[in-house]
Each structure stands twice: as C-alpha cells, then as structure tokens.
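First the structure, in the form of structure tokens, and then the observations on it.
Number of protein chains: 2
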Amino acid sequence: MRRVMLTVAYDGTAYRGWQIQAGQETIEGVLNRCIGELTGETVEVIGASRTDSGVHAMGNLAVFDTQSLIPAEKFSYALNQRLPEDIRIQNSEEVAVDFHPRHCSSRKTYEYRIYNAPFALPVKRLYSYFTYVPLDVERMRQGAAFLVGEHDFKSFCSVDTQAQTTVRQVDSVEVWEENIFGVADVAKDAVPGREIRRPGREIVIRVAGRGFLYNMVRIIAGTLMEVGRGKLPPECVKDILAACDRQAAGPTAPACGLTLIGYEFL
Amino acid sequence: MRRVMLTVAYDGTAYRGWQIQAGQETIEGVLNRCIGELTGETVEVIGASRTDSGVHAMGNLAVFDTQSLIPAEKFSYALNQRLPEDIRIQNSEEVAVDFHPRHCSSRKTYEYRIYNAPFALPVKRLYSYFTYVPLDVERMRQGAAFLVGEHDFKSFCSVDTQAQTTVRQVDSVEVWEENIFGVADVAKDAVPGREIRRPGREIVIRVAGRGFLYNMVRIIAGTLMEVGRGKLPPECVKDILAACDRQAAGPTAPACGLTLIGYEFL
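So the protein sequences, as listed, match chains X and U. Count along the first sequence from 1, then add 1; that gives the number in my numbering. Count along the second sequence from 1, then add 1; that gives the number in my numbering.
Set out below in structure tokens:
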C-alpha cells in the first residue's frame, strides 16, 4: 500500500465545497469517484482544507492510499484526463504512509480579492467580491497589522466552530491593490473633456498562518472592508481581537472572493 | 432624439459573440432587449467592435438613439439592474447625434492571455488559453517587434474577410509574463527535497492599433506562440508579413484568451 499526495486546484463556483455530502457535488466527492474509476479501488481522500461552498483553490492537498501500480507522479496526468475542467491536479507524489495533511506543521496562504469600482466587471465576478463603496487600502493595511502574531481569534470565528482553542498564529497579512487596465483608461479618453472616472482596481488581502478557524479569513476580509470604507478606525481591529466576541467583528465576506493559495510544510 | 454611448464589459463565455443572430444569445441582442424594456422603444445599438463568439471585453462601445427622458449618465445604473451578470455597463454618456463608433479615428487595445504551466489552472480557464508547451517570452517579444508600424497584415487576416485593404497600423505589441503565486511555491515546498517544479505563469500579449482585421489579434497570438515554443525563429515574423498569405502565419488562437480592453478616441 502506498500513500499518494495530490495538489488540487479548483474553481469552487459549481461545488458545495470540499467535504463529501450526499446528493451534492463536492470536490472530495469528485476526487473519490475519479480516483476510484482510475484504480478500481474504493478511495476516500483525506483533504488538508475543507473549503466552503464557492471557495476556490490553487493548492489544496489531498492524500489517498492505493495498491495501484500507477507511478505516483503519473496520477496528475491520468486524473486530469477524467476530472471536469474546473478541477485540475497540479502535482502528485508519494508520501510516507503515515503522512496526514492536517496533522503536521504547515503554513497556509489564502487570498481574498475585492473588485472595487463604480460597476462590477464581468470577467472578475467569479473570483472577486464586488463592492462599489470606495475602500482605502492604506487604512486596511493599518488595520491588518494588528492581526499579525499569536492571538485569540475568537472574534474572527463563526460561532458554530468545534475548535478546542481559538488561539492561532497569523504570520502575515498583506493588502495591496492591482489596477485593472482598461476600464479607467477607456472612459477617461472616450470623449475628450468628459469627467475622469475612478479606475477599476482589485484589492488583494493575502493572509498566511499556521491554521485558521472556521470562516476566519472571510471575517478578516469583512472586517478590513469596514475599516477600508471608514466605518471602523484601523485601531479598532485591536479592540475586536480583545473582545473575543464574533459580534464585535465585521460580516463574513462572500465565498467567491476567497482562494486557498497553498501550503508550505515547516 | 438623443444618442447615448455605452461602455460595455462582458464575459463572452456564454455568448455567440457580439452581433445579433436569430435564435442565438448575443451581446448585441441582449443590449437591444434590455434597453428596449427600459425605454419602451425599439432599439438597435451600433457597436464599435463585433467581437467573436467567446471573446471578452472590458470596454467595447455601443451607441443608441432614444427619446427617453432618462438622463444619459443614468442608463448605466438602470441597465445594470436588468442585464445578466456577465454583461455590465461601465459608463453611459450623451454623444453627438451623428457620432458613429466605427467611423471615427480611434485606437483599440486587446489583450491575449496564455496560461503556460504543466497543468491547467481552473480559475484561469475561462479567460486564458492554456498550453503546457513552454514558451520563451523573450523570443515572443522579439517576434512581436516586427509587427509594430504600418504593414499589410494580409497574412494575419482570416481569408473570409470583406476588408477593402489589409493595411493596418499597429501602435504597440507588448509581451510580458505574470507569475501566478501559489502553484510553484506550494509544490516547491510541499515535501522538502522534492523536485522544484516550474512556476505557473500567465503570458500577456497586449496589442494596440488603429483598427484590426478579422481574427488579426488571434492570429498574431497563434504566431507568437509558434515563435515562443521554438518552432519559428523571431525574424520569421518579418517574412510572414511579407508573404501576404494567411498560410504563412500560425494558427488562430482560441477565443477564450482574447479580451477587448478598450478604445481611445484620437
């Protein structure tokens, strides 16, 4: 028996999240089915991160055990032939038979994307949350700085968590903006002399840490958006942490803006 | 009677292109229907660019005439309430009653995106063409340089064109790559000591010019990919231009990678 680890990328739009559920299309369900069809075995993958409905991934991880003679590094090619085009294996390799992707020391990176402009942009709609409310990136950055380090993140955790402790270590929170070429430039020059419109831009919140609570990154994003729009002062993030109360933080930002970027093992 | 100009962004995935066709969902058809429902008039928009099936846009332009009392700049808000989410008006404004978006001097910018990595990335699949064949960006840039200026682009035009002349002016062709964070970094560190994989990256070809022939940007992209993979030397682009023969150039690259960025009026 060998254990194979897959690096799994997916567009979460069409799925009810990672975790297998009867009668629902999930990433885990599709993987079990496709690996099973390939090897002829009954397969139950173990995922590193059980992403929510609508959340995307570039590098989630899954392991499974097999007696198949297919070389571990060939599973990526063989599975990509069978998987729907919104799921693609990025890498496959053999790991130790006792390797468990949730029981080992790792750093996980997420990105939350916000398309911030007067009007939504169709080509961004599936992978960014849209808001027309102007956001101040510098304020968001100031607020984000309070989150770095080891803290009790109880305020940034959905109340229905089963976690034993709500203390987590966040290694970094970066916030930056990317200009979307086109929208602004076009409108500005469309008819000479007309009002110059605010450019379309995407704001990216990239969070890296050793494990996250349920909905933690989406609550961080929802809170930093409240800071960015001026509803909360940046220093308030410190008070929200201290409150240890979900009600103190901002709303849970929508799933479509969130992408699990990947894992590093430490 | 007033003439209103719309800046129109769309995800072309679900449409049979811009131009109205009986029994097919097209951007033009949806605009005519939604504007008509809003104003109660029979509307026929005039588009600046009749993009092909599957091509995207951030800033296509359309004008229409109306006797409605809705202020021109309010059409963007009112139409976005009615349009499907894969079409969004970015700007609306009144223009001269004789303004025609195809009969005036303008510069148009397109981007062609190529996701170049060992495996496709689901979150890129709708807006980038995927190829696992490694492309050399520096070679593509060298080849692209021969296209700048006024040339007979007959070799870069689909044979079924109705254009009177195939001479066009290309103002710039830029080629660059954008690293997609995550895929490479993850795989590299997934299990220490394992092979370092080539990073996922997106190659962007941005072309600006005064009008384009049918399929011209997609044939430019297809040809530069042949140069990038080493099948054609960069200097060959000069010979392809001189040949004035569609057979001399590379294939027409798939529609999904192409986005009309926008217009500037000169």
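We put the CB at the ideal spot given by N, CA and C, even for glycine.
Check                                                                                                                           : Outcome
Partners in chain X for Leu242 (chain U), counting only beta-carbon separations shorter than 9 Å                                : Residues of chain X passing the Cβ test: none, with the nearest at roughly 27 Å.
Where Asn33 (chain U) falls: helix, strand or coil (DSSP)                                                                       : helix
Contact set for Arg83 (chain X): own chain, Cβ-Cβ below 8 Å, skip 5 residues either direction                                   : Cys35, Glu38 and Leu39
Proximal residues of chain U, C-beta to C-beta of Asp87 (chain X) below 8 Å                                                     : Pro123 and Arg126
Identity of the residues DSSP links to Tyr264 (chain U) by a beta bridge                                                        : U:Lys109
Spatial neighbours of Asp172 (chain X) in its chain, beta-carbon cut-off 8 Å, leaving aside the 5 residues before and after     : Arg108, Val149, Ala209, Gly210 and Arg211
Stretch-stretch touch, CB-based, cutoff 8 Å, three pairs: the region 88 to 103 of chain X with the region 247 to 260 of chain X : no
Proximity test, Cβ basis, 9 Å: Phe65 (chain X) and chain U                                                                      : no
Interface residues of the region 65 to 85 of chain U facing chain X [CB-CB below 8 Å]                                           : Ser77 and Asn81
Neighbouring residues, chain X, relative to Ile90 (chain U) (Cβ below 7 Å)                                                      : Phe120
Sheet register partners of Arg247 (chain X) (DSSP bridge)                                                                       : Paired residue(s): none; Arg247 (chain X) is not in a bridge.
Own chain residues within Cβ distance below 6 Å of Val187 (chain X), not counting five before or after                          : Confidence at Val187 (chain X) is low in this model, with a pLDDT of 40, below 50, so its placement is unreliable and the value that follows should be read with caution. Excluding residues within five positions, none has a Cβ falling inside 6 Å.
Glu179 (chain X) burial status per 10 Å Cβ neighbour count (16 or more: buried)                                                 : exposed
Within 8 Å of chain X by C-beta, residues of the region 11 to 27 of chain U in sequence order                                   : Tyr11 and Asp12
Within-9 Å CB hit, Gly30 (chain U) to chain X                                                                                   : no
Beta-carbon gap between Ile220 (chain U) and Asn117 (chain U) smaller than 9 Å                                                  : no
Cβ-Cβ separation, Leu70 (chain U) to Leu7 (chain U) (assumed contact under 8 Å), whole Å                                        : That pair is no contact at about 18 Å.
C-beta atoms of Leu122 (chain U) and Gln91 (chain X) nearer than 9 Å                                                            : yes
Sequence-distant residues of the same chain with beta carbon closer than 7 Å to Gln20 (chain U), five excluded per side         : Thr27, Glu29 and Arg51
Val228 (chain X), enclosing alpha helix (DSSP H) - first and last residue                                                       : Met217 to Gly229
Of the listed residues X:Ala23, X:Gln25 and X:Thr67, nearest to Glu42 (chain X) (C-alpha basis)                                 : X:Thr67
Gly212 (chain X) (DSSP reduced to helix, strand or coil)                                                                        : coil
Met141 (chain U) vs Val228 (chain U) beta-carbon contact at 9 Å                                                                 : yes
Ala73 (chain U) versus Val44 (chain U): straight-line alpha-carbon distance, rounded                                            : 15 Å
Exposure of Pro135 (chain U), with buried meaning 16 or more beta-carbon neighbours within 10 Å                                 : exposed
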